[in-house]
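Numbering (my numbering), first residue to last: 116 to 254. Don't be surprised by glycine CBs; every beta carbon is placed ideally from N, CA and C. Notes for the one structure printed next.
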Amino acid sequence: MKWTQSRRVGVFSTIANTFGPWNKWGRRSFPANRKEEYDCCLDRILENLNKTTRDKFEIGSLKQQISMAISVSRNVKNSIATDWILCKAAAIESGLLRCSDLPTMNLDYGIFYISPKPNGGHINRKKTKKVSALVDYFA
Numbered sequence: 116m117k118w119t120q121s122r123r124v125g126v127f128s129t130i131a132n133t134f135g136p137w138n139k140w141g142r143r144s145f146p147a148n149r150k151e152e153y154d155c156c157l158d159r160i161l162e163n164l165n166k167t168t169r170d171k172f173e174i175g176s177l178k179q180q181i182s183m184a185i186s187v188s189r190n191v192k193n194s195i196a197t198d199w200i201l202c203k204a205a206a207i208e209s210g211l212l213r214c215s216d217l218p219t220m221n222l223d224y225g226i227f228y229i230s231p232k233p234n235g236g237h238i239n240r241k242k243t244k245k246v247s248a249l250v251d252y253f254a
């Protein structure tokens, strides 16, 4: 398994220590006015992962882990729901996210619907069961 929880925490800790917590970035996907520095940091993280492990990591895989950690609005299929939750957990553990940064989760027939607002209006509320898996995880 390439992406262990300790690797995620290490990556997200490096990002948080370098750029601060995600809610202070000023942009959703990278720190405002620091895109070039952010990309260089990701290159260094990738180089370090590839030097210190037997696994071969690609930049796309690294960016996907970060994206899952900091996403605020996303439909998450069951096939990646576990990774999505683990990325959120590692991001909180590392200081990249706070619990209050977590989006609302709903479960509707095998798909997690993620929205920054409770009952964001994009799903049928009668068919939706509210799920608080991440909040329960940190309780």
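Suppose the cutoff is 7 Å on Cβ atoms and the five residues either side in sequence are ignored; what does the same chain contact list for residue i look like?
{"i": "residue 161", "result": "172, 174, 177"}
{"i": "residue 133", "result": "156"}
{"i": "residue 182", "result": "none"}
{"i": "residue 201", "result": "120, 123"}
{"i": "residue 127", "result": "184, 205, 206, 209, 211"}
Using the rule of at least 16 other Cβ atoms within 10 Å of the residue's Cβ for burial, across every protein chain shown, is residue i buried or exposed?
{"i": "residue 123", "result": "buried"}
{"i": "residue 214", "result": "exposed"}
{"i": "residue 256", "result": "Outside the displayed range of the chain (116 to 254) lies residue 256, so it cannot be described from this structure."}
{"i": "residue 147", "result": "exposed"}
{"i": "residue 209", "result": "buried"}
{"i": "residue 203", "result": "buried"}
Hey, quick one: how far does the alpha helix (DSSP H) through residue i stretch, first residue to last?
{"i": "residue 199", "result": "193-209"}
{"i": "residue 155", "result": "150-167"}
{"i": "residue 123", "result": "120-134"}
{"i": "residue 184", "result": "174-185"}
Would DSSP call residue i helix, strand or coil?
{"i": "residue 117", "result": "coil"}
{"i": "residue 141", "result": "coil"}
{"i": "residue 170", "result": "coil"}
Which same chain residues end up closer than 6 Å to residue i when comparing Cβ atoms and leaving out the 5 residues on each side of it in sequence?
{"i": "residue 212", "result": "137, 206"}
{"i": "residue 145", "result": "153"}
{"i": "residue 216", "result": "138"}
{"i": "residue 151", "result": "none"}
{"i": "residue 170", "result": "117"}
Considering only residues of the same chain and omitting the five flanking positions on each side of residue i, which have a CB-CB separation below 8 Å?
{"i": "residue 143", "result": "185, 187"}
{"i": "residue 135", "result": "146"}
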